[in-house]
Structure formats: structure tokens, C-alpha cells
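Visitor:
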Amino acid sequence: MKPGNHTYSSRIFLVALTLVLAGACNKDDTPPPAPPVQELTIVVGYNVDGAALVSSQIQYTNAAGNPFSVYTLNYYLSGFSLQMMDGSWKELDDIVYLDAFNAAKNTFILKGIPAGNYKAFKLIIGLEPENNVSNSLPPTVDNINMSWPDMMGGGYHFLKLEGYFKDANAVTQGYAMHVGTNTFHSEVVLNQEYAISTGKDTLKLNMNIAEWFKNPNTYDLNIQGNYSMGRDSSMRKLSENGSNVFTLE
Ligand SMILES: [Cu+2]
Numbered sequence: 001m002k003p004g005n006h007t008y009s010s011r012i013f014l015v016a017l018t019l020v021l022a023g024a025c026n027k028d029d030t031p032p033p034a035p036p037v038q039e040l041t042i043v044v045g046y047n048v049d050g051a052a053l054v055s056s057q058i059q060y061t062n063a064a065g066n067p068f069s070v071y072t073l074n075y076y077l078s079g080f081s082l083q084m085m086d087g088s089w090k091e092l093d094d095i096v097y098l099d100a101f102n103a104a105k106n107t108f109i110l111k112g113i114p115a116g117n118y119k120a121f122k123l124i125i126g127l128e129p130e131n132n133v134s135n136s137l138p139p140t141v142d143n144i145n146m147s148w149p150d151m152m153g154g155g156y157h158f159l160k161l162e163g164y165f166k167d168a169n170a171v172t173q174g175y176a177m178h179v180g181t182n183t184f185h186s187e188v189v190l191n192q193e194y195a196i197s198t199g200k201d202t203l204k205l206n207m208n209i210a211e212w213f214k215n216p217n218t219y220d221l222n223i224q225g226n227y228s229m230g231r232d233s234s235m236r237k238l239s240e241n242g243s244n245v246f247t248l249e
């Protein structure tokens, strides 16, 4: 072996050793990165069969042919669950109060959702039985206004949809679609693919208010009644229709 070759080999060995040591040092000194926090902002929008939601004169017509307006739309969303591509579900405990005519109460943030691709989004309109307990929510003005009388079963209103309609004699009357009491929450399943990226992301939910009167039950305010509170047959129809009011954008 020539002396020059020996020197060259030693140099390669030293360079290699340095790299190994450097790598080892980096491994010891660098903490593992903290898992990123995913925030999913949900923005809720409204329409009435494609028409913009405006709180004003009677200008919409429901599936039964009743001309109607919308002045109040308050409700709870809860039971959020997001299905990943492998079929597993990420369930969340959030309970959110919404007011269609208050922009600040149509946006909310769900936290701690792993980034990735999803294939379904579930939620309920209203409260599940374990949360539908009188005075169990923080005593905000909104929650107090949504309380359901104890003598009628207690808990909270799941939905208040109110406005005016023209009855069979073309006389303007008020209507109040109030839904509450256990088993009358609406289950919403949106089978649609969406991606949640690392960091912050947004999903848009759209409610077609006309669906409350339409599918699967045509709700005629003249026949079924313009007040639903405490009437099981009316609340059942509305809660079934509620399963079809949302689409995911
Ligand atoms: Cu009521």
C-alpha cells in the first residue's frame, strides 16, 4: 500500500466519524416537534330554497304552499363527529348556540382535530339527552332564552324558527316552530369528502330553511298548526326534516 492511499483512507474515516457524532449530537439536543394544533372554523350560511335570508316581509313559499317570512332562527348544534378515511370517528364535546340573524353567532371553532382527509361529518341539531338538562348550560342570556319549561319536560329548546305566514284565508298570522324534549333532536349525516390541513382550516355549512317544512314531511302551517311547542306529532315532523336542512360546502 502506498503511503498516500493510507492518508486518504484515514481522512475518509475521520469525516465519516465526524458526521456520525454530529448526527448523534443533533438527535440528543433537538426535542421532538410539538404536535400542531388544528383549528377548524365552521361558518354557517342560510338560504330559503336558494333565496337569500332576509328578515322582512313575507316573501318565501314553503313546500305546502304557505307564503311565509323568517324573523327568528335560534338553535343548538352539538354531537360533532368527523369520520376519517379509515372509517374511524373523531368525536367532539362542543355545544354551540347559533342565531341566523347575528353574524357573530354563525361562526365557531372546533379544536383538536387531526389534519387529514375525511369522508363524513355528523352533527345534531339540538342536544343529546345527557346535555338536555335544565340549567346545565352556562347561564348566558342565549341559554336562558332557550330554556324549555320543566313542566313540559325541561331542558332547552333545540330550535326556535319564527315568523309570519298567510293562512288559508290570506290572513297574516304568526308561526313559531319550537322543538325540544329528548328524542326530538335532528341527526345530520353529511357524506362528503373534505380535507383538514395542518393549522387552521374552514368548512362552510349551509342551511336551507325551507327544508324545515319539506323533506321528508310536508309541513302545512294551516293543517299541522302554526305552533309546535309540546305537540309531539309536529315536533317529530320538524325533527325529521331537520336531518335534511344542511349541506357541506
Ligand atoms: Cu317554545
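Okay, so the sequence shown: first residue is 1 according to this note's numbering, each after it adds one.
Note that beta-carbon positions come from the ideal geometry of N, C-alpha and C, so glycine has one too.
#1: Can you tell me where the beta strand (DSSP E) holding Asn226 begins and where it ends?
#2: Please say whether Leu190 and Leu121 have beta carbons closer to each other than 8 Å?
#3: What does Leu82 pair with, by DSSP beta-bridge criteria?
#4: List in chain order the residues whose CB is within less than 5 Å of at least one heavy atom of ligand 1.
#5: Does the count of Cβ pairs from the stretch 60–73 and the stretch 158–173 closer than 8 Å reach three?
#6: Kindly give me the distance between the Cβ atoms of Tyr118 and Tyr60, rounded to whole angstroms, as I take these residues to be in contact under 8 Å.
#7: Quick check on DSSP: helix, strand or coil for Leu137?
#8: Put Leu238 into one of helix, strand or coil per three-state DSSP.
#9: On a CA-only basis, which of Gln57, Ala210 and Gly242 is nearest Ser69? Give me that one, please.
#10: Quick check on the DSSP output: the beta strand (DSSP E) that includes Gln59 runs from which residue to which?
Guide: So, from the data block:
#1: Per DSSP, Asn226 belongs to no beta strand (DSSP E) and is neither H nor E.
#2: The question names Leu, but residue 121 is Phe in the sequence shown. The answer is yes: Cβ separation under 8 Å.
#3: DSSP lists Lys90 and Phe121 as the bridge partner or partners of Leu82.
#4: Cβ atoms closer than 5 Å to ligand 1 belong to His178 and Met229.
#5: With a cut-off of 8 Å, the stretch 158–173 and the stretch 60–73 count as touching, because enough Cβ pairs lie within range.
#6: Between Tyr60 and Tyr118 the Cβ distance is about 33 Å, and since that is not below 8 Å, they are no contact.
#7: Coil.
#8: In the three-state scheme derived from DSSP, where H, G and I count as helix and E and B as strand, Leu238 is classed as helix.
#9: Taking Ser69 as reference, the option from Gln57, Ala210 and Gly242 with the minimal CA-CA separation is Gln57.
#10: Run containing Gln59: none; DSSP gives neither H nor E here.
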